[in-house]
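Residue numbers (the UniProt record's numbering): 1 to 80.
Below is the structure:
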């Protein structure tokens, strides 16, 4: 899903979780067909409770270590 496709949801999520001290970030992965969404905070239980919702709304999956989902030879899609 493109950065612009997930931006409205991530903006809403960031506003909703801010009071819990959670920061939401989204980063394009240059040369890759996907973006990285980050959730950062101290309340691990609350962070864990958000995973399924975020995966569904950004059409993605959880990655614990940056790069673990990289596929060699993968290139960013050029269609808009």
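Glycine included, each C-beta is placed from N, C-alpha and C at the ideal position.
Just so it is clear, the structure is predicted and the values come from calculations on it, not from any experiment.
Reduced DSSP category for residue 24 - H, G, I as helix; E, B as strand; rest coil: strand
If you reduce the DSSP assignment to three classes, tell me which class residue 17 lands in. helix
From the DSSP output, in three-state form, read off residue 54 for me. helix
Taking C-beta to C-beta, are residue 39 and residue 63 nearer than 9 Å? no
Is residue 12 close to chain D? Criterion is C-beta to C-beta, closer than 9 Å. Among the chains of the structure shown, chain D does not appear; only one protein chain is present.
In three-state DSSP terms, what is residue 37? strand
Checking 9 Å against the spacing of the C-beta atoms, do residue 44 and residue 21 come in under that value? no
Cβ-Cβ distance between residue 27 and residue 37 below 9 Å: yes
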